[in-house]
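Data first, discussion second: the structure below is written as structure tokens.
Residue numbers (my numbering), protein chains in the order written: chain A, 23 to 133; chain B, 1102 to 1337.
The structure is reproduced here in structure tokens:
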């Protein structure tokens, strides 16, 4: 029960790191807006969107939400469940493809 | 955040440390205040809710045989007479990131017991959040005025409206709740509750600046969700 008294002693970080991350987030947001501005299409569009999205999400979680400095016991509890979401995305993507296939099939053949 | 010292327990780093912490027959999250763990678990469950919304949006959009509305045009704003694509959404994104930055600094100044800076930064965050909600209300009323309904819209596939109102509405609710708490906590900081350890309204626990970090976690999460909504709903 010792560690209940063990309040987090201020491990504050230098202000520079927050300002850097803040700046990077602005730049990345600007880039992702530019993807739409220049109306990129197809593979280029969605690979750029995903790259900027994951970079932004990673920066926010690692530095603003302090996960970079947390112990692995907490980090892993939070990040492993994301694999379940990834599986769910895969399953539903396959399901959606099947749905649109059957719709097109029956719209054309008339059932 | 991680330089804890626990008597009679050796803290190891990395995965070795993880297995040791997990099997230590004591509290598992060493040096993490319980409220912070609770907030993380809540955010994890919230992640699942937002994921379900975005996945159902993916499924709805992929499986419709009607063309999806061109978000670039639907969410354009007219500056003078030229339509600028996604202008309002871009401004909303920048406002939310700005407020996330001020929140991160508020947490830092909170731990340094810099009461004034912490309070002003939380207030700035709250105002940023309020601006965001205001712009979202403007966007909603604009689209409703143009005839977008959960069951139909003039731009394309009918599912568009229901996904739009559900996803941005749920996110907007999160922002609004966050703004309320930001104002409450700004007041508490200015009053000095976190310096003199005054007991809270709903709890007998003494106030501590760790509460600002917990509030910060929630606020950054709201920003995090917006990153995904921006990418998948507006840009895709």
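The C-beta atom is built at its ideal place from N, Cα and C for all residues, glycine as well. If you're wondering where the values come from, they're calculated on a predicted model, not measured in any experiment.
Interface criterion not met: the Cβ of residue 102 of chain A is under 8 Å from no Cβ in chain B. Look at residue 1308 of chain B: its C-beta is not under 8 Å from any C-beta on chain A. With contact defined as three or more Cβ pairs closer than 8 Å, the stretch 1210-1220 of chain B and the stretch 1178-1191 of chain B are not in contact. The contact set of residue 1195 of chain B on chain A, defined by CB atoms closer than 8 Å, consists of 48 and 51 in chain order. Classified as buried, residue 1308 of chain B has 16 or more neighbouring CB atoms from the shown chains inside 10 Å of its CB. Two segments are said to touch when three or more pairs of C-beta atoms, one from each, lie closer than 8 Å; by this definition the stretch 1199-1207 of chain B touches the stretch 43-55 of chain A.
Contact with chain B is found for residue 115 of chain A, since one of that chain's Cβ atoms lies less than 8 Å from the residue's Cβ. Among the residues facing chain B, residue 131 of chain A is not included, as its CB has no counterpart in that chain under 8 Å away. The alpha carbon of residue 100 of chain A has as its nearest neighbour, out of A/123, A/87, A/110 and A/35, the alpha carbon of A/87. Bridge partners of residue 1184 of chain B according to DSSP: B/1179. Under a 10 Å Cβ-count criterion, residue 1127 of chain B is classified as exposed, with fewer than 16 other Cβ atoms of the shown protein chains found around its own Cβ. The beta-bridge partner set that DSSP reports for residue 119 of chain A is empty. Annotated as proximal: residue 1321 of chain B and residue 82 of chain A, with beta-carbon spacing under 8 Å. Annotation: the stretch 1127-1165 of chain B contains the following complete segments of the alpha helix (DSSP H) (minimum length 4 residues), in chain order: 1135-1164. Boundaries of the alpha helix (DSSP H) around residue 1297 of chain B: 1294-1297. Taking a C-beta distance under 8 Å as the contact criterion, residue 1175 of chain B and residue 1256 of chain B qualify as a contact pair. Taking 8 Å as the cut-off, the Cβ atoms of residue 49 of chain A and residue 70 of chain A do not count as close.
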